[in-house]
Each structure stands twice: as structure tokens, then as C-alpha cells.
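Numbering (my numbering), first residue to last: 200 to 333.
Even for Gly, the Cβ is constructed at its ideal location relative to N, Cα and C.
Predicted model only: the values in this text are computed from it and were never measured.
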Ligand SMILES: [Zn+2]
């Protein structure tokens with residue numbers, strides 16, 4: 200597919216990213232005839248990205264170890280680990296940056312493993328930060 204046509208279709212379908220554009224074009228049968236280029240240059244998207252405002256949210260910085268703990272689920276890939284687990288609960292200390300990774304078989308076990316992690320601590324953290332998949 201010529202780059203000009205790809206840029207026009209990108210604009211026509213609401214300035215979607217490449218993967219969404221591929222899904223849209225698949226619905227209309229465009230992918231049977233064309234390959235979408237890897238890079239679609241769009242002046243409108245470039246201008247809006249360049250003028251995007253910086254983050255205004257405040258980020259709390261931990262003053263001592265164990266004050267703020269960041270928790271998230273690692274979904275590394277489709278291949279399971281040697282023990283059969285596909286995921287890991289990752290707990291990061293906000294001050295020291297030390298990481299504890301606990302393997303889990305399913306993401307639904309995250310709450311259980313978090314309770315287990317908190318039970319290991321001598322004092323509870325002031326704040327647990329969960330990104331909730333974001
Ligand atoms: Zn665009």
C-alpha cells in the first residue's frame with residue numbers, strides 16, 4: 200500500500216494506531232490486496248503529540264523503606280516457567296527499589312498472594328500502589 204493511501208486511511212478511520220487500523224481494514228477486505236506500511240506518518244498526530252501537556256499529577260516519593268509498595272502482575276509471555284507458572288506478582292519498594300517477585304499460576308490468585316506478602320512484612324506499608332493493568 201502506498202504511504203499516501205495509508206496516511207489517508209489512517210485519517211479516515213479516526214487517526215488510529217497501526218494495529219487498530221489493520222483490524223478496521225480487515226473488516227473492509229483491504230488486507231487481501233495490500234500490506235500496510237510499518238510507519239504511517241501523520242502531520243496531525245505528530246503535532247498533537249508534540250504539544251501534549253506534561254503530567255500534572257503528583258507522584259508521592261517514599262521517605263523510608265516499606266512506606267510505599269508498588270504492586271503489579273507480570274504477564275511475561277505465553278511460555279510457562281519451569282514450575283508451570285505463567286505470571287508473577289511483583290512487589291517493589293518505593294524507597295530502595297528492591298523487588299520481590301512471587302510466581303502465581305493465574306492472575307486471579309493475585310489477591311491471595313498479596314495477603315501472603317503483607318503477612319510477611321513486620322510493619323504494613325502506608326500505601327500500596329496498584330496500577331490495575333494500566
Ligand atoms: Zn493521525
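Exposed unless 16 or more other CB atoms sit within 10 angstroms - verdict on residue i
i           : result
residue 330 : exposed
residue 333 : In this prediction, residue 333 has a pLDDT of 48, which is less than 50 and means its spatial position is unreliable; what the coordinates show is noted afterwards. So residue 333 counts as exposed.
residue 286 : buried
residue 288 : buried
residue 324 : buried
residue 281 : exposed
residue 209 : buried
residue 261 : buried
residue 268 : buried
is_contact[residue i, chain B] using C-beta, thresh 9 Å
i           : result
residue 264 : The chain inventory of the structure shown lacks chain B, comprising one protein chain alone.
Residue i beta carbon near ligand 1 (any heavy atom closer than 8 Å)
i           : result
residue 214 : yes
residue 205 : no
residue 243 : yes
residue 210 : yes
Beta-carbon spacing of residue i, residue j below 9 Å
i           : j           : result
residue 318 : residue 294 : no
residue 299 : residue 309 : no
residue 204 : residue 212 : no
residue 304 : residue 284 : yes
residue 237 : residue 230 : no
residue 214 : residue 243 : yes
residue 240 : residue 202 : yes
residue 255 : residue 306 : no
request  = Entirely within the region 211-267 and at least 4 residues each: give me those alpha helix (DSSP H) ranges in chain order.
outcome  = 217-226, 242-249
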